[in-house]
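Structure first, then comments.
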Amino acid sequence: MYPLRRMRGRLSGKLPFPCSAQPIESQRGRAVSPAEVKHPALKSLEQTYFFKLVALNRSIGEMEFPFPFVLSRYLGLDAKNSLGADRRGLEFVMFHGRTILKLSGNYNAAFNADRMTENQRAERVLSEVIVPLLRLESSSFPSEANFAAYGFEISWHVRRRSRSYDYEGAEILTLVLNKDDALTFLKAQGESERQEVLSRSEVYVNGKEFGLALGERDPFPVTESESAGARTPDSETIPPPRAGNSENRVTRSNGDPRTEIRKAEPKPPEGGSLTPSADPAPKAHQPDAATREVTQADADALQKSCQKELDALAQEGALKFGFVDYAPPSFVIFQNRIYLQLTMRSPKVFDRDATSIYKLAAQSFDLFLAPLLKALHDKLPHQPEIAGLDITVVNQLNPKSAPLSEALEFICTRSELRQFTDAAITNQDFINQSIVLVNGVRISLDLQQVE
Numbered sequence: 014m015y016p017l018r019r020m021r022g023r024l025s026g027k028l029p030f031p032c033s034a035q036p037i038e039s040q041r042g043r044a045v046s047p048a049e050v051k052h053p054a055l056k057s058l059e060q061t062y063f064f065k066l067v068a069l070n071r072s073i074g075e076m077e078f079p080f081p082f083v084l085s086r087y088l089g090l091d092a093k094n095s096l097g098a099d100r101r102g103l104e105f106v107m108f109h110g111r112t113i114l115k116l117s118g119n120y121n122a123a124f125n126a127d128r129m130t131e132n133q134r135a136e137r138v139l140s141e142v143i144v145p146l147l148r149l150e151s152s153s154f155p156s157e158a159n160f161a162a163y164g165f166e167i168s169w170h171v172r173r174r175s176r177s178y179d180y181e182g183a184e185i186l187t188l189v190l191n192k193d194d195a196l197t198f199l200k201a202q203g204e205s206e207r208q209e210v211l212s213r214s215e216v217y218v219n220g221k222e223f224g225l226a227l228g229e230r231d232p233f234p235v236t237e238s239e240s241a242g243a244r245t246p247d248s249e250t251i252p253p254p255r256a257g258n259s260e261n262r263v264t265r266s267n268g269d270p271r272t273e274i275r276k277a278e279p280k281p282p283e284g285g286s287l288t289p290s291a292d293p294a295p296k297a298h299q300p301d302a303a304t305r306e307v308t309q310a311d312a313d314a315l316q317k318s319c320q321k322e323l324d325a326l327a328q329e330g331a332l333k334f335g336f337v338d339y340a341p342p343s344f345v346i347f348q349n350r351i352y353l354q355l356t357m358r359s360p361k362v363f364d365r366d367a368t369s370i371y372k373l374a375a376q377s378f379d380l381f382l383a384p385l386l387k388a389l390h391d392k393l394p395h396q397p398e399i400a401g402l403d404i405t406v407v408n409q410l411n412p413k414s415a416p417l418s419e420a421l422e423f424i425c426t427r428s429e430l431r432q433f434t435d436a437a438i439t440n441q442d443f444i445n446q447s448i449v450l451v452n453g454v455r456i457s458l459d460l461q462q463v464e
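Quick note, the sequence shown lines up with residues 14 to 464 if you use the working numbering.
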């Protein structure tokens with residue numbers, strides 16, 4: 014199977030469904046920028062339905078569930094870390110030769126494994142979360158929409174207790190329904206008709222094919238012949254890379270086989286902006302056509318060779334630099350080069366209603382990140398393969414309703430970082446030569462103009 018996202022939690026078994034940083038974004042509506050998508054068919058879909066996805070994200074944020082539900086690209090997050098996780102849980106992906114509208118998120122329920130079986134937990138999440146979401150999605154897209162199926166990856170928590178231990182871990186239900194089957198399921202008058210739809214759909218729990226049985230204590234057995242049927246991905250689906258520690262974020266390739274639906278081409282954004290960039294991307298970021306393609310295997314090998322240094326950096330970063338604990342330092346591929354990816358949380362709380370995204374980005378850089386860059390540069394491993402830093406700053410917003418957060422991403426080369434820390438260039442020069450993203454969308458940033 015070909016999973017898509019790294020699962021968080023202590024029950025981290027391998028998932029069967031292939032599954033990128035951060036409620037970083039508010040539930041008011043976000044979507045993956047088409048600039049992040051390289052696969053032509055998926056890019057076209059993201060462009061065609063971008064504003065519909067944004068509106069759908071917003072509508073989901075306004076829905077009520079028995080327990081809180083948040084869209085997220087990270088699955089299995091606990092409530093503490095959910096405020097720093099990417100809420101853009103809607104995107105188009107290739108899965109088993111089909112184009113899927115994938116919805117992923119965390120359901121903040123904790124079910125007692127001693128009182129509910131695995132099948133009962135999956136059926137409850139299907140009823141409480143997936144069915145309402147499927148009804149909203151199916152009513153939002155016309156029947157002729159150019160994708161084949163709806164896919165869901167929903168994570169929740171499971172509690173287990175014995176005489177010697179008491180622990181809680183994450184569990185993930187994955188469901189893929191053809192569009193016609195989705196409508197049949199929603200219109201079904203009886204349980205038997207809904208069961209027929211589920212029986213011919215793809216269902217997984219924690220990465221293993223699962224015979225979800227409605228109204229039953231235990232699931233239906235899944236035979237080997239059923240498991241092998243209609244499960245061969247086509248050539249457009251990227252095979253899963255070897256397991257590694259690199260995080261799968263909005264713009265990254267995930268090398269961990271424990272994840273769910275896998276993106277066809279999870280490369281980072283090469284352009285796209287809320288406003289046109291005043292300065293073109295520096296040539297240093299552009300791969301030479303003759304350069305060998307950098308693969309996830311290269312990033313994983315570098316991760317392995319530098320793991321001790323990265324572990325030490327993670328410990329020190331948590332104390333000194335505001336590193337988040339759910340995304341340890343890891344290597345990612347950006348524009349055919351390997352960058353060290355760091356995720357930090359700013360201690361400052363911003364008033365969302367009184368702050369523009371540009372002023373927020375400027376203040377985050379000048380007041381929080383810039384003073385730390387010299388120390389971070391000194392901690393950067395010396396391997397020549399490391400092109401630079403990819404730093405995400407999570408800013409806390411303080412609206413009148415509920416706490417939210419926003420993700421700012423600064424991508425810079427080692428050379429630019431060295432010049433800045435040596436005072437050879439100004440902070441504006443550094444910004445101009447770097448790439449700045451707000452919730453995955455590139456922006457142009459004039460530090461003085463937004464002050």
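Glycine is no exception: its CB is placed at the ideal position from the N, C-alpha and C atoms.
Nothing here was measured: the structure is a model prediction, and the numbers come from that model.
Query: If you drop the 5 nearest sequence neighbours on each side, which residues of the same chain put their C-beta closer than 6 Å to that of residue 235?; Result: 222, 224
Query: Evaluate residue 37 with the Cβ neighbour count: other Cβ atoms within 10 Å of its Cβ, from every protein chain shown; 16 or more gives buried, anything less gives exposed.; Result: In this prediction, residue 37 scores a pLDDT of 32, lower than 50, which makes its location untrustworthy; no coordinate-derived value is stated.
Query: I need the boundaries of the alpha helix (DSSP H) containing residue 134, first residue and last residue.; Result: 131-138
Query: At the level of alpha carbons, what is the spacing between residue 171 and residue 401?; Result: 39 Å
Query: Go to residue 53, then tell me how far its alpha helix (DSSP H) extends in each direction, as first and last residue.; Result: 53-75
Query: With a threshold of 16 other CB atoms inside 10 Å of the CB of residue 317, please say whether the residue is buried or exposed.; Result: exposed
Query: From the DSSP output, which residues share a beta bridge with residue 350?; Result: 347
Query: What residue range is occupied by the uninterrupted beta strand (DSSP E) comprising residue 104?; Result: 103-108
Query: Under 8 Å, do residue 126 and residue 169 count as touching if we go by C-beta distance?; Result: no
Query: Short of 8 Å in beta carbon distance, which residues of its chain neighbour residue 379, apart from the five on each side in sequence? Order them along the chain.; Result: 440, 460
Query: Measuring CB atoms only, is the stretch 377-393 touching the stretch 306-320, in the sense that at least three cross pairs come out at less than 8 Å?; Result: no
Query: For residue 161 versus residue 191, is the C-beta distance shorter than 8 Å?; Result: yes
Query: State buried or exposed for residue 420, treating a residue as buried only when at least 16 other CB atoms are found within 10 Å of its CB.; Result: buried
Query: Can you list, in chain order, the residues of its chain whose CB lies under 7 Å from that of residue 80, leaving out five sequence neighbours each side?; Result: 120, 121, 122
Query: For a quick check, are the C-beta atoms of residue 227 and residue 204 less than 8 Å apart?; Result: yes
Query: List in chain order: all unbroken beta strand (DSSP E) runs of 3+ residues lying wholly within the stretch 368-428.; Result: 399-410, 417-426
Query: Going by beta-carbon coordinates alone, are residue 199 and residue 147 separated by less than 8 Å?; Result: yes
Query: Please say whether residue 312 and residue 344 have beta carbons closer to each other than 8 Å?; Result: yes
Query: Residue 128 and residue 184 look like a contact to me (Cβ under 8 Å); what is the Cβ gap, rounded to whole Å?; Result: Not really, about 14 Å apart at Cβ, beyond 8 Å.
Query: To the nearest angstrom, report how far apart residue 445 and residue 72 are at their CA atoms.; Result: 36 Å
Query: Please say whether residue 159 and residue 323 have beta carbons closer to each other than 8 Å?; Result: no
Query: Return the first residue and the last residue of the beta strand (DSSP E) that residue 125 is part of.; Result: 111-125
Query: Just mark residue 139 as buried or exposed, buried being the case when its beta carbon has 16 or more other beta carbons within 10 Å.; Result: buried
Query: Smallest Cα separation from residue 70: which of 85, 431, 56, 396?; Result: 85
Query: I need the DSSP call for residue 305, collapsed to helix, strand or coil.; Result: coil
Query: In chain order, what residues of the same chain have a beta carbon less than 6 Å from the beta carbon of residue 40, not counting five sequence neighbours either side?; Result: Bear in mind that a pLDDT of 35 at residue 40, under 50, signals an unreliable position, so the number given afterwards is only what the model happens to contain. Here the set comprises 74.
Query: Between the C-alpha atoms of residue 104 and residue 66, what's the straight-line distance to the nearest angstrom?; Result: 8 Å
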